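Structure record follows, encoded as structure tokens.
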Amino acid sequence: MSNTNTDFLLAIEDLTVSFDGFKAVDSFNLYIDKGELRVIIGPNGAGKTTVLDMICGKTKSTQGSIKFKNKELTKLREHKIVRAGVGRKFQTPSIYENLTVFENLEISYPWGRTVIGSLMFKRDQKVLDSIHKVAEQIYLIDDLDKQAEFLSHGQKQWLEIGMLLVQKPELILLDEPVAGMSVKEREATAALLNEIVRDRAVIIIEHDMDFVAQIAKKVTVLHMGKIIAEGTMDQVQNNEKVKEVYLGH
Amino acid sequence: MFDEYTFEELKAILIMQSFGGLSLLCIYVLMGLGLYVVFGQMKVINMAHAEFLVIGSYTMCLASKFVIEVMPEFINYYLWVAIPLAFVVAFIVGWIIEWILISRLYHRPLDTLLATWGLSLIMQQCFRTFIGAREMSATLPEWLMGSWAPTDIIDIPINGLVILATTIILTVGLVFFTNKTRWGLRMRSTSQNRQMSQALGINTKVTDRFTFALACGISGIGGAFLTTVVSTSPTAGTTYIVDSFLVLVLGGLGSLFGLVISGGFLALLSSILEFFMSGSVAKVWLYLIIFVVLAKFTKGLFSSNIRS
Amino acid sequence: MKSQSTPTLTPNEGFLDKLLSGRSSFLSYSLLALILVVILPLTLSEFRLNMCGKYLCYSFCCIGLVLCWGHAGILSLGQGLYFGLGGYSMAMFLKLEASDLESTKIQTTPGIPDFMDWNQLTELPWFWQPYHSFTLTLLLIIILPILLATLLSFFYFKGRVTGVVFAILTQSMVACAWYFIVGNQGFFGGINGMTDLKTLNGWDIREPSSQKILYFITVACLFGCLFFSKWILNSRLGRVLSAQRDKEERVRFSGYDLTAFRVFIFAVAGVLASIGGALFTLQVGFMSPNLIGVVPSIDLIIYTAVGGRLCIVGAVYGSLLVNTARTLFSEAYPTLWVFIYGALFIIIVLALPKGIAGIWSDHLRVRVRSLLKLDKKDKPEKLTT
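Chains S, B and E supply the protein sequences, listed in that same order.
Per the UniProt record's numbering, residue 1 is the first one in the first sequence, and the count goes up by one each step.
Per the UniProt record's numbering, residue 1 is the first one in the second sequence, and the count goes up by one each step.
Per the UniProt record's numbering, residue 1 is the first one in the third sequence, and the count goes up by one each step.
What follows is the structure in structure tokens.
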């Protein structure tokens, strides 16, 4: 386990996890700078989601270290990791269907997350302002009173991203944010991502190569739990190993 | 508290009590098998499961009554008809109940808990109304009533041995059935991926119904053998239901091996505790020990570590 | 601004509906108060009113279950344990008062409760000492369930035990409590329970006039608990609880420590049940293990489900209705009642998961609104005593 401190926002070293002997992620290294947008691609079962799961604490790693602002995350419980500044969006939109858009965003508001705090929580102007700001960013400002289950699939994805933004995290983990979106919604999402990355780092898992090309500066390719290539989209696309993995023989 | 016994006596006590524990283990396992199969496949928690045990017991009692009145010369052999009959009766009742009620409750475990509790109340009242509220026991063939004494201070009842043998046969049989037969394959595939199984042409409805009825049938056999140890009454099942569920939870809810081991742990512990203190105090300690164990191993003792 | 108004429940309800829902909430409390404070005391005999008071004690547990099961998704099959905690605390205080030197002089050891004397105890056990003081007793009625509920749930919630497994555990806990009391005859009176409770600080609780006063005290406490629960549900904590019921992971990844929230609501449910238990002992004059076992604990759940598992006011109607029906039916047709009661569990689960509160909110309210411009003031389907 490494004890060295780095300037990186997130430094993952030698991360490994095995499920009943099967190594889903194997000696994985990843360094993310402040303000970086990194896309992780790879075929099904490559271990992409597992990496995100380990960063946010959903899955416990077998060995290795994950340092966020030089703070070790592997031993922390989920809510502690979130409070340290990591936000996670799931693959299928995970929102509270029977609450309104406003309430969905409000639950993510980073105050009053203890029992007493939530009992005493007041919906003051500051809360309203920051929720409105986020709602505007995610194109849902006119739907604040709408019950979340009546949103379109794409809007639900945005809402979940918005719930992360309300938390004001420094690192956002997005698992297939444009799955099931129309072309128009994809473009809007790309704009949204380019905007939010200004204040924070974002790690995205994505299958849609056109979308990746639209947003990515740096791409990491994962296969069978190992990194096989890293670089710009062009570099990666021309990498022999990557072609092999994606196209097979 | 050990002072008044010699070492030899303590050893004999341990052996006899663990044997007493074995009979209890058998009841836990026979109950647990059914609960396990039904929960595993349909995510149904069946609070009325013990009532199927009672159905088996009553079948046995009524069969023995019938034999004594009509053809007393067969009293030594009626068991071989009564036990399959107990299975068949419990199986049929289970089939009907699955069809009417349980099939509407899949994958709502908390709700099934309530609905099947209601069912168990109704079934108990049926026993009371149609069979009678009084306790009832079966007349046993003579060969079942003796005991086997390997040394002069150890004394093991034969009916206990018979229950043990039956439990082993049924458990092994169930494992064989689920792992080696076509029906078993259907059950396993339905429990793992219902939609895919449907797409592959498996009639999942019938498979479920069959599984549920089979679980009830096993309980029926358990109940039939239970009559050789204790008498039965309309509410006899309630004695076992809380403990059986605890066995299931302790075993990790998804493992047959865990079920048997935790059943054994519970049964042994409770029969040893019961020897040294009064029944209810022993129960308190038994539960407290389980609570502590479960506080440490919250997933049960034998759960597999698979990514959710 | 749009979002500053209170959140709507369904999207098709407009501003008027929001106002009405505020008003109908006020109306439903007023209606309950009208029934409990005016109608029942005026129409029922002393005997029946005392019975209603008894049923109301169960509704404290049901309010707790609405919070814990309906809103937070934690089904407890063992609320009887906490009911018993309050009930026994009160009973121990009353028993000590009833066992003064004068009235126990024929015992081998005068001054201790009779069942202790029968069991050859010669001294009051240490854990009985606090029950000499009424203030301490009241404190213990609140504190004990908090401590016990925390102890009995913290490790499980921390280990992510939920749903069915937790339900089964709570059932074993209440079974354990039952065996504990039955096994400790000398300390807690065993299966017979604690009987012959007479006075509270010298005030005879068996007099019809005292029983009437106790009924009103119960109603007052009930409204206190209702408002307290309403406050919890309307706070952010209430929304977090129902959010974690449906999307556990999402809430956890919004930075909440769910263990604390679950322990909290489980403890609140425990305290409510304990208050109910204490009031129960006062009105009935005894406490016994059979009032708190596995079966009575499940009964509490069906009262809650009949009233509507999401509606705290419904919990009160549920316990009144089911118990009234039980009393009326089992006097006349005991066998039939068991069938009806069993069927009730099934019907609620299959057809009426939201209970009578659901009948009102899903069917009747809309119809009433379309028929009348005004909100209708009576809800005849809710109580038929």
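Quick reminder that beta carbons are idealized off the backbone N, C-alpha and C, glycines included.
Quantities reported herein were computed from a predicted structural model and do not represent experimental measurements.
Annotated three-state conformation of S/Ile138 is coil, per DSSP.
E/Ile74 has its alpha-carbon roughly 7 Å from the corresponding atom of E/Thr162.
For B/Leu174, the number of other beta carbons within 10 angstroms of its own is at least 16, and it is reported as buried.
The Cβ atoms of B/Ser278 and B/Gly21 lie no closer than 8 Å to each other. Beyond the five residues adjoining it in sequence on each side, S/Glu230 comes within less than 8 Å, by CB distance, of Lys218, Val219, Thr220, Val221 and Val236 in the same chain, given in chain order. When C-beta distances to chain E are compared with 8 Å, the residues of the region 88-111 of chain S below that value are Arg88, Phe90, Ser94, Ile95, Tyr96, Glu97, Asn98, Leu99, Thr100, Phe102, Glu103, Glu106, Ile107, Ser108 and Pro110, in chain order.
Taking 9 Å as the cut-off between beta carbons, the residues of the region 35-67 of chain S near chain E are Cys56, Gly57 and Lys58, in sequence order.
The region 75-90 of chain S makes no contact with the region 32-43 of chain S, as fewer than three CB pairs between them are under 8 Å. Proximity of the region 278-290 of chain E to the region 43-58 of chain E meets the contact definition, three or more beta-carbon pairs being nearer than 8 Å. In summary, the residues of the region 67-79 of chain S whose CB is separated from some CB of chain E by less than 9 Å are Arg77, Glu78 and His79, in the order they occur in the chain. Here the region 211-229 of chain B makes contact with the region 83-93 of chain B; the two share three or more CB pairs at distances below 8 Å. Counting only runs of at least 4 residues, the region 180-204 of chain S fully encloses the following alpha helix (DSSP H) elements, listed from N- to C-terminal order: 183-196. The DSSP-derived three-state label of S/Thr6 is coil. In this model, B/Thr228 and E/Ala343 are separated by some 33 Å (Cα to Cα). Looking from the CA of E/Ser297, the closest CA among E/Gly193, E/Ala175 and E/Asp246 belongs to E/Ala175. Beta-bridge partners assigned by DSSP to S/Lys23: S/Ser18.
Under the Cβ criterion of 8 Å, B/Asp111 is counted among the residues facing chain E. In summary, S/Glu206 is buried, with 16 or more beta-carbon neighbours lying within 10 Å of its beta-carbon over all protein chains present.
Boundaries of the alpha helix (DSSP H) harbouring E/Ile356: Gly355 to Gly358, taken from the DSSP string.
Going by C-alpha positions, S/Lys80 is about 55 Å away from B/Cys126. Following the DSSP letters along the chain, one finds E/Lys230 inside the alpha helix (DSSP H) bounded by residues Pro208 to Asn234. Under the criterion of beta carbons closer than 8 Å, E/Phe115 and E/Gln185 qualify as touching, at roughly 7 Å. Between the region 124-139 of chain E and the region 85-93 of chain E there are three or more C-beta pairs closer than 8 Å, enough to call the two in contact. In this structure E/Ile141 touches E/Ser89 by the C-beta definition: roughly 5 Å separates them, less than 8 Å. Contact of B/Gly118 with chain E is assigned, a C-beta pair being separated by under 8 Å.
When 7 Å is used as the limit between beta carbons, B/Val242 is near these residues of chain E: Gln171, Ser172, Ala175 and Val294, in chain order. With its beta carbon less than 8 Å from one in chain E, S/Gln167 belongs to the interface. Below the 7 Å Cβ cutoff, chain E contributes Ser235, Arg236, Leu237 and Val240 as neighbours of S/Ser118, in chain order. DSSP places E/Val161 outside both helix and strand once states are collapsed to three, so it counts as coil. The three-state secondary structure of B/Thr151, taken from DSSP, is coil. Put simply, the backbone Cα of B/Leu259 is about 33 Å away from that of E/Pro353. Under the rule that a run must span 3 or more residues, no beta strand (DSSP E) segment is found entirely inside the region 31-102 of chain E. With respect to the C-alpha of B/Gly160, the residue from B/Gly251, B/Asn203 and B/Cys26 having the closest C-alpha is B/Cys26. With a threshold of 16 other beta carbon atoms within 10 Å, B/Gly201 falls short and is exposed. Counting the other Cβ atoms within 10 Å of the Cβ of S/Arg200 gives 16 or more, which makes it buried.
About 20 Å separates the Cβ atoms of B/Gly184 and B/Gly251, ruling out a contact at the 8 Å cut-off.
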